[in-house]
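**Q** Pasting a structure here, questions to come.
Take a look at the structure:
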């Protein structure tokens with residue numbers, strides 16, 4: 025089923041899927057706006073002597089200690105290892121900046137628009153910001169980003185920086201557009217990644233697409249503030265830059281360190297490769313009714329969707345077909361993804377239990393219907409019916 029932003033159901037699903045991320049982004053943006061004004065209240069001496077050093081020290085602590093924990097507990101986890109490398113590099117960068125500022129007395133090279141090295145410093149800043157794109161790329165396209173692809177992605181930025189320095193042409197706006205293009209490409213892959221997950225799994229809890237959206241939200245907000253700082257020069261920019269960087273690094277480190285690796289819970293015969301995640305719409309729209317009838321009979325008899333770990337490849341118990349064919353069959357036969365189809369079945373089962381066994385607690389209903397939690401049941405019920413389970417029970421015909 026295609027996603028149409030102007031479709032009422034699509035807007036409702038977008039809100040149900042990402043409403044916490046919308047709220048998170050709004051709160052973070054508000055905090056950044058407040059910080060711009062708070063930074064003006066501090067004197068230059070106080071900022072330079074106490075506040076900025078504390079921010080640097082806090083960032084160094086998060087980077088080096090976080091990298092130590094991740095390297096110690098990575099368990100051959102590519103995602104954790106990539107974030108540990110990012111922390112280590114950022115920690116080294118912050119240590120160099122701290123030494124330059126407070127030991128050698130060099131506050132910033134190209135730190136103001138009047139400085140001839142200003143555009144070059146912006147270019148270097150954008151190249152360093154590329155480090156923050158490594159983590160979501162590893163999650164969205166496992167194994168795709170390697171050393172030579174990283175160099176290819178950075179090459180246009182390096183060329184622009186060199187040309188801008190040696191040629192009498194202001195390429196600052198073009199330089200600033202490049203990281204925005206990479207960000208938009210990542211957002212595009214989020215949609216493909218989620219669609220692939222919905223085509224294969226009946227629950228999104230372990231996949232945690234929302235966390236990647238939240239991470240990209242942080243990148244968008246910090247990128248927007250960086251654009252504002254560059255084109256509307258703000259003297260107290262270091263204060264805001266440092267605390268938002270500290271927040272992103274510490275928050276992401278906590279999530280990467282303590283959240284389970286989603287791919288460790290996925291059977292190896294279902295894992296995608298980069299090419300599969302790049303595939304477009306299914307080529308065939310024909311529906312084999314005989315195969316659909318086989319699936320329907322099996323679903324009604326065995327009710328495998330009541331198991332929380334139910335996956336697309338489990339259909340091979342009755343249809344020994346490849347993953348691509350099974351995914352196309354579900355999409356074409358039911359007009360939705362595997363995830364949406366299974367959740368519709370689970371919601372219908374939940375309705376049946378709520379009407380026939382009103383004494384059951386909502387948590388028990390969630391467990392019996394294959395949902396991982398009461399909150400998962402609530403989200404799916406609201407998405408499918410437009411009302412909450414409580415509102416459903418309050419209807420006269422269900423009492």
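In our numbering, the protein residues as written are 25 to 423. Ideal placement from N, C-alpha and C gives every residue a C-beta, glycine not left out. Source: prediction; values computed, not measured.
When you compare each of 240, 407, 342 and 377 to residue 45 by their alpha carbons, which one comes out closest?
**A** Nearest option by C-alpha distance: 240.
**Q** Can you have a look at residue 189 and say buried or exposed, based on whether 16 or more other CB atoms are within 10 angstroms of its CB?
**A** That one is exposed.
**Q** Find the nearest neighbour of residue 50 within the set 161, 116 and 246, judged by alpha-carbon distance.
**A** It is 246.
**Q** May I ask you to report which of helix, strand or coil DSSP gives residue 419?
**A** In this structure, residue 419 counts as coil in the three-state DSSP scheme.
**Q** For the 8 Å Cβ check, are there 3 or more pairs between the segment 217-235 and the segment 172-192?
**A** With a cut-off of 8 Å, the segment 172-192 and the segment 217-235 do not count as touching, because too few Cβ pairs lie within range.
**Q** Any chance you could list the beta strand (DSSP E) runs of at least 3 consecutive residues sitting entirely within the segment 106-164, in chain order?
**A** Correct list: empty.
**Q** Does the count of Cβ pairs from the segment 356-363 and the segment 399-406 closer than 8 Å reach three?
**A** No: fewer than three Cβ pairs fall under 8 Å.
**Q** List the endpoints of the continuous alpha helix (DSSP H) containing residue 403.
**A** Counting along the chain, the alpha helix (DSSP H) containing residue 403 begins and ends at 398-409.
**Q** Please report the straight-line C-alpha distance between residue 32 and residue 416, rounded to a whole angstrom.
**A** The pLDDT assigned to residue 32 is 49, lower than 50, so where the model puts this residue is not dependable; a value taken from the coordinates is nonetheless given after this. The alpha-carbon atoms of residue 32 and residue 416 are separated by roughly 21 Å.
**Q** So residue 353 and residue 312 are in contact, right, with Cβ under 8 Å, and what is the actual spacing, rounded?
**A** Contact holds; Cβ gap of about 7 Å.
**Q** Whole angstroms is fine: what's the gap from residue 252's alpha carbon to residue 238's?
**A** Taking the straight line from one Cα to the other gives about 21 Å.
**Q** In chain order, what residues of the same chain lie with their CB nearer than 7 Å to the CB of residue 365, ignoring the 5 residues before and after it?
**A** Only 354 and 358 meet the Cβ criterion.
**Q** Any idea what DSSP makes of residue 395, helix, strand or coil?
**A** Coil.
**Q** Quick one: is residue 140 buried, meaning 16 or more other Cβ sit within 10 Å of its Cβ, or exposed?
**A** Burial call: exposed.
**Q** Use the C-beta contact count for residue 219: other C-beta atoms within 10 angstroms, 16 or more gives buried, fewer gives exposed.
**A** With 16 or more Cβ atoms within 10 Å of its Cβ, residue 219 is classed as buried.
**Q** Among the residues of its own chain, which have a CB less than 8 Å from the CB of residue 244, if the five just before and after it don't count?
**A** If we look at residue 244 and ignore the five residues flanking it on each side, its Cβ neighbours are 49 and 207.
**Q** Which residue wins for smallest C-alpha separation from residue 151, given the options 186, 162 and 129?
**A** Taking only the C-alpha atoms, the option nearest residue 151 is 186.
**Q** Compute the Euclidean distance between the alpha carbons of residue 161 and residue 74, then round it to the nearest angstrom.
**A** If you take the alpha carbons of residue 161 and residue 74, they lie about 36 Å apart.
**Q** What residues are listed by DSSP as bridge partners for residue 225?
**A** In the DSSP output, where bridge partners are listed per residue, residue 225 has 335.
**Q** Nearest CA to the CA of residue 270: which residue from 115, 396 and 157?
**A** Considering only alpha carbons, the answer is 115.
**Q** Does the beta-carbon of residue 328 have 16 or more other beta-carbons within 10 angstroms, so that it is buried, or is it exposed?
**A** When all chains shown are included, residue 328 counts as buried.
**Q** Can you name the start and end residues of the alpha helix (DSSP H) that residue 355 belongs to?
**A** Unbroken alpha helix (DSSP H) run through residue 355: 347-358.
**Q** So residue 183 is in the alpha helix (DSSP H); what residue range does that whole segment cover?
**A** That run of the alpha helix (DSSP H) goes 171-190.
**Q** Tell me which residues share the same chain as residue 378 and place their Cβ nearer than 8 Å to its Cβ, disregarding the 5 neighbours each side in the sequence.
**A** These residues qualify, in order along the chain: 384, 389, 413, 416, 417 and 422.
**Q** Run the CB neighbour count on residue 326, radius 10 Å, all protein chains shown included, and call it buried at 16 or more, exposed below.
**A** Looking at its Cβ environment, which holds fewer than 16 other Cβ atoms inside 10 Å, residue 326 is exposed.
**Q** Grouping DSSP H, G and I as helix and E and B as strand, with all else coil, what is residue 101?
**A** Looking at residue 101 - three-state DSSP - the assignment turns out to be coil, as it is neither helix nor strand.
**Q** Would you report the Cα separation of residue 305 and residue 345, rounded to the nearest angstrom?
**A** Low local confidence applies: a pLDDT of 49 at residue 305 is under 50, so the model's placement there is unreliable, with the coordinate-based value given in what follows. For residue 305 and residue 345, the distance between alpha carbons rounds to 19 Å.
**Q** Of the residues 56, 101, 92 and 85, which one's Cα is nearest the Cα of residue 283?
**A** If we check each option's Cα against that of residue 283, 101 comes out closest.
**Q** CB-CB under 6 Å to residue 410, same chain, minus the five flanking residues each way: which ones, in chain order?
**A** None.
**Q** Give me the residue from 183, 172, 122 and 321 with the minimum Cα distance to residue 143.
**A** Of 183, 172, 122 and 321, the residue nearest in Cα terms is 183.
**Q** Specify, as a first and last residue, the run of the alpha helix (DSSP H) that residue 95 falls within.
**A** Taken as a continuous stretch (DSSP letters only), the alpha helix (DSSP H) holding residue 95 covers 76-96.
**Q** My understanding is that residue 118 touches residue 94, with C-beta atoms under 8 Å, so please give their C-beta distance in whole angstroms.
**A** Residue 118 to residue 94, Cβ: 17 Å. No contact.
**Q** Around the Cβ of residue 372, are there at least 16 other Cβ atoms within 10 angstroms (buried) or fewer (exposed)?
**A** Exposed: under 16 other Cβ atoms inside 10 Å.
**Q** Consult DSSP for residue 247 and reduce its assignment to one of helix, strand or coil.
**A** DSSP places residue 247 in helix when its eight states are reduced to three.
**Q** When you compare only the Cα positions, how much space is there between residue 280 and residue 92?
**A** Spanning the two alpha carbons is a distance of roughly 13 Å.
**Q** If we count the other Cβ atoms within 10 Å of its Cβ and call it buried at 16 or more, is residue 70 buried or exposed?
**A** Label assigned to residue 70: exposed.
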